[in-house]
Amino acid sequence: MYRYDKYDQAMVDARVAEFRDQARRRLEGKMTEDQFKPLRLQNGLYLQLHAYMLRVAVPYGTLNAQQMHMLADIADKYDRGYGHFTTRQNIQYNWIKLEDTADILADLAKVEMHAIQTSGNCIRNISSDQYAGAAADELIDPRPYAELLRQWSSFHPEFLALPRKFKICVIASETDRAAMKLHDIGIRIVKNDAGEIGAAFYVGGGMGRTPMIAPLIREFVPLDQLITYAEACLRVYNRYGRRDNKFKARIKILVHELGKEEYARQVEEEFAHLLTQDIEPPLAELERIKEYFADPAFEAGASDEIDLSDPDFALWVKNNCHAHKQPGYITATISLKPVGGIPGDASAAQMHLMAELGKEYSFDEMRVTHAQNIVLPHVKKADLYTLWQKLDEAGLGAANLDSIEDIIACPGLDYCSLANARSIPVAQKISERFAGNGKTETLGELKLKISGCINACGHHHAGHIGILGVDKKGLENYQLLLGGCEGEDTSLGKITGPGFTEDGIVDAVDKAADVYLAQRQEGERFLDTYRRIGMDPFKEAIYG
Amino acid sequence: MADPLAAGPDAVQFRFRDDEPVDHPAVTVDSFLNQSNASAVRIEPGDDARELVPHLEHIRLVEINFPSFTDGRGYSSARILREAGYTGELRAVGDVLVDQLGHMRRCGFDSFEPDHQMNEDDAKAALRTWPEVYQAAADTRAPIWKLRHKEGSHG
Ligand code: SF4
Numbered sequence: 011m012y013r014y015d016k017y018d019q020a021m022v023d024a025r026v027a028e029f030r031d032q033a034r035r036r037l038e039g040k041m042t043e044d045q046f047k048p049l050r051l052q053n054g055l056y057l058q059l060h061a062y063m064l065r066v067a068v069p070y071g072t073l074n075a076q077q078m079h080m081l082a083d084i085a086d087k088y089d090r091g092y093g094h095f096t097t098r099q100n101i102q103y104n105w106i107k108l109e110d111t112a113d114i115l116a117d118l119a120k121v122e123m124h125a126i127q128t129s130g131n132c133i134r135n136i137s138s139d140q141y142a143g144a145a146a147d148e149l150i151d152p153r154p155y156a157e158l159l160r161q162w163s164s165f166h167p168e169f170l171a172l173p174r175k176f177k178i179c180v181i182a183s184e185t186d187r188a189a190m191k192l193h194d195i196g197i198r199i200v201k202n203d204a205g206e207i208g209a210a211f212y213v214g215g216g217m218g219r220t221p222m223i224a225p226l227i228r229e230f231v232p233l234d235q236l237i238t239y240a241e242a243c244l245r246v247y248n249r250y251g252r253r254d255n256k257f258k259a260r261i262k263i264l265v266h267e268l269g270k271e272e273y274a275r276q277v278e279e280e281f282a283h284l285l286t287q288d289i290e291p292p293l294a295e296l297e298r299i300k301e302y303f304a305d306p307a308f309e310a311g312a313s314d315e316i317d318l319s320d321p322d323f324a325l326w327v328k329n330n331c332h333a334h335k336q337p338g339y340i341t342a343t344i345s346l347k348p349v350g351g352i353p354g355d356a357s358a359a360q361m362h363l364m365a366e367l368g369k370e371y372s373f374d375e376m377r378v379t380h381a382q383n384i385v386l387p388h389v390k391k392a393d394l395y396t397l398w399q400k401l402d403e404a405g406l407g408a409a410n411l412d413s414i415e416d417i418i419a420c421p422g423l424d425y426c427s428l429a430n431a432r433s434i435p436v437a438q439k440i441s442e443r444f445a446g447n448g449k450t451e452t453l454g455e456l457k458l459k460i461s462g463c464i465n466a467c468g469h470h471h472a473g474h475i476g477i478l479g480v481d482k483k484g485l486e487n488y489q490l491l492l493g494g495c496e497g498e499d500t501s502l503g504k505i506t507g508p509g510f511t512e513d514g515i516v517d518a519v520d521k522a523a524d525v526y527l528a529q530r531q532e533g534e535r536f537l538d539t540y541r542r543i544g545m546d547p548f549k550e551a552i553y554g
Numbered sequence: 022m023a024d025p026l027a028a029g030p031d032a033v034q035f036r037f038r039d040d041e042p043v044d045h046p047a048v049t050v051d052s053f054l055n056q057s058n059a060s061a062v063r064i065e066p067g068d069d070a071r072e073l074v075p076h077l078e079h080i081r082l083v084e085i086n087f088p089s090f091t092d093g094r095g096y097s098s099a100r101i102l103r104e105a106g107y108t109g110e111l112r113a114v115g116d117v118l119v120d121q122l123g124h125m126r127r128c129g130f131d132s133f134e135p136d137h138q139m140n141e142d143d144a145k146a147a148l149r150t151w152p153e154v155y156q157a158a159a160d161t162r163a164p165i166w167k168l169r170h171k172e173g174s175h176g
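So this is what it looks like as structure tokens:
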């Protein structure tokens, strides 16, 4: 994985010093809260309902054992012994003091980490495929491009006061595991007819109150123009994105209002101009970065045999493991969704353990997924049973990846000041219900996502089943959505009808699941059945 | 480089130029385009800086107004003018705060007229914040990628 050189380290250290000084000026009253707010946000510090929340960047979700140990230490030292892995492949701490923040950032800098631009109206942490560099189906590792973009976007002087937040995702396989088209810019690394590698740009996707799937803006940007093209996309947005209404300020609204052809035309014009400005790093820089992402020292001829005689282990392998490009190896996902738990939460002890296992069994590398789980990308199949036993002992062996228990949930009203309703208890009740009635395994792949308000941090639009918390005359109420999907065939869920109470929504999900079980045909997932039979049979069962 | 803490028009707190400041007030982009004998223009966030590009040799001062520091359109306006070869004074006016100074310098601003005077020590510190920079912009600083790949070196 990428390691800082003296320049990267100096930049992060400078940022810590800058923030320490800003916090001092704020605490001394030299700066108003309004003036301080964008500065602290661009260092990941949010004010929530009860305390500050600090969001730490995990660039494109990749981290090593030393970094995971540090995340655990921070949870112990400055929080309540927990961290919360998020849908942005980051980690959040929910009980942080402003006075401690500069020290936390300094601790992070010691292990080449930071909280830069994890919030605020700027280019955010770049996300990527959680199986990057390991997946059997990828064209090339997308992370070097993400790292190039990370450096370009860090402290970019022109784009620190954008109309709204800006999220970029880079993938390089046909299967989209990162919801690429639901980002402000989604980049797919592709090969053209001439066999050259380049980037396809999808611009103007997003969740929020007006969810949109990003249209393709340019099929092929040569690699030696990648940064220049991204800069053109951003400049058009910075100049013309709406600033009159916070809810219409994302680039998706600009692209939608202009039309993708007109937006693309304006970008082309800016791009042609910027190509004369010499702002593109040389390809040698990309090559330098690529060296850090070379394959680990896989053992040649490692065995593909896995002894599946233990049925619990066999289930975990079936559900939580993914094909690796290297014979004898496999990618394993640690579910942070124990039955009745808080989705994405990990204790300091669990983080320490994951760090140790990542070091011992996965070439010192882990990934945070946007489904709030942790991936060990490169596990030798011969080690898999031992690894699983260690996870299972620590309560990290849940075999429920991509099942109805693998729920994505935002922090909701338990923490978030914007929330209409709580997300976490709903997630807990649903996972308990389905673990209890034993339907989880029969249901197979069923992605359920919960947001506590229309801002959609829990990606409810993209869930096969989505749940949205709303406020109904001062009471928490939940709407049900069906048919969303974040994968290759991205689609947005539709609302079934009137909302439910907290217990009512759990019943409604159960009924929707039953409709699927009764109607499914051979090989169909919940989503496929829904697409075939439509909304009506579900409505009848739920409201009938 | 002139001592930036020295004079300019009274309200200008920092000026990184040696030439004589323009002594008449700036006109709006519209009135400039209608009667182009003014040499000082003021750009509002919604104005298109590119409209000035054909007239740059007549202009000695461009003021870019920041009614609110959270509206970043002025950063693009500044870079666009510098990219078009403008070498006159580029002044940030309005809700300009200490923590924006360094980024504004990178976008090509060379004088600052904040609504509220900044603490000068804080301002000096802010301008020294970044040891290096990651991207090419409108200043002369070499981006880190250039330092990494200096001619003849491969490390
Ligand atoms: S979706 Fe709403 S409630 Fe949930 S975290 Fe986002 S803003 Fe808060």
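Protein chains in written order, with my numbering: chain A, 11 to 554; chain B, 22 to 176.
Just so it is clear, CB atoms sit at the ideal spot from N, CA and C, and this is done for glycine as well.
Say whether chain A places a C-beta atom closer than 8 Å to the C-beta of residue i.
i: B:GLY173; result: Summary for B:GLY173: the model assigns pLDDT 49, below 50, so the residue's position carries little reliability, and this model does not support an answer.
i: B:SER132; result: no
i: B:LEU122; result: no
i: B:HIS170; result: yes
i: B:GLN34; result: no
i: B:ARG38; result: no
i: B:PRO152; result: yes
With a 10 Å radius around its C-beta and 16 neighbouring C-beta atoms as the bar for buried, classify residue i as buried or exposed.
i: A:TYR302; result: exposed
i: B:GLY95; result: buried
i: A:ASP254; result: exposed
i: A:LYS328; result: exposed
i: B:ARG149; result: exposed
i: A:ILE505; result: exposed
Short of 8 Å in beta carbon distance, which residues of its chain neighbour residue i, apart from the five on each side in sequence? Order them along the chain.
i: A:PHE308; result: GLN336, GLY338, TYR339, HIS388
i: A:ALA112; result: VAL26, PHE29, ARG30, ALA33
i: B:SER174; result: Because the pLDDT at B:SER174 is just 49, under 50, the model does not fix this residue reliably, and the value given afterwards should be weighed accordingly. Excluding positions up to five away in sequence, the list is empty.
i: A:GLY251; result: LEU172, PRO173, ARG174, ALA259, ARG260, ILE261, ILE263, LEU264
i: A:ILE417; result: LYS347, PRO353, ALA437, ILE440, SER441, LEU458, LYS459, ILE460
Kindly list the residues whose CB is nearer than 7 Å to the CB of residue i, restricted to its own chain and excluding five residues on each side of it in sequence; keep chain order.
i: A:LYS300; result: PRO154
i: A:PHE257; result: ARG219
i: A:ALA242; result: VAL277, GLU280, PHE281, LEU284
i: B:GLN121; result: PHE90
i: A:CYS463; result: LEU428, ALA429, ASN430, GLY479
Would a check of beta-carbon distances place residue i closer than 8 Å to chain B?
i: A:GLU168; result: yes
i: A:GLN287; result: yes
i: A:TYR17; result: yes
i: A:ALA294; result: yes
i: A:SER129; result: no
Alpha carbons only, please: which of the options is nearest the one belonging to residue i?
i: A:ALA419; options: A:ILE384, A:CYS467, A:LEU401, A:ASN410; result: A:CYS467
i: A:TYR17; options: B:GLY129, B:GLU153, B:GLU110; result: B:GLU153
i: A:ALA240; options: A:LEU158, A:GLU315, A:GLY251; result: A:LEU158
i: A:ASN74; options: A:ALA85, A:GLU366, A:ARG245, A:ARG134; result: A:GLU366
i: A:GLN360; options: A:PRO321, A:SER345, A:GLN45; result: A:SER345
i: A:LEU118; options: A:VAL66, A:PRO167, A:ASP86; result: A:VAL66
i: A:ALA204; options: A:PHE230, A:ASP317, A:VAL436; result: A:PHE230
i: A:ASP147; options: A:ASP186, A:GLN127, A:MET123, A:GLU168; result: A:ASP186
Looking only at DSSP bridge pairs, what is residue i linked to?
i: A:GLN102; result: A:ARG65, A:HIS94
i: A:ASN410; result: None; A:ASN410 has no bridge partner.
i: A:GLN161; result: According to DSSP, which records beta bridges pairwise, A:GLN161 is partnered with nothing at all.
i: B:GLY115; result: B:PHE87, B:PRO135
i: A:TYR488; result: A:GLY479, A:PHE510
i: A:THR72; result: A:ARG377
i: A:CYS331; result: A:ALA342
i: A:GLY208; result: A:VAL200, A:PRO232
i: A:ASP355; result: A:HIS94
i: B:LEU168; result: In the DSSP output, where bridge partners are listed per residue, B:LEU168 has none listed.
Closer than 7 Å: is that where the CB of residue i sits relative to any heavy atom of ligand 2?
i: A:PRO421; result: Ligands in the displayed structure: ligand 1; ligand 2 is not one of them.
Suppose the cutoff is 6 Å on Cβ atoms and the five residues either side in sequence are ignored; what does the same chain contact list for residue i look like?
i: A:LEU49; result: GLN32
i: A:LEU478; result: SER461, HIS470, GLN489
i: A:CYS179; result: SER137, ALA188, MET190, HIS193, GLY196
i: A:ARG160; result: PRO69, ILE136
i: B:VAL114; result: GLU84, ASN86, GLU134
i: A:PHE373; result: PRO306, HIS388
Between the region 91 to 118 of chain B and chain C, which residues of the former have CB atoms less than 7 Å from a CB of the latter, in chain order? Any reference to chain C falls outside this structure, whose protein chains are A and B.
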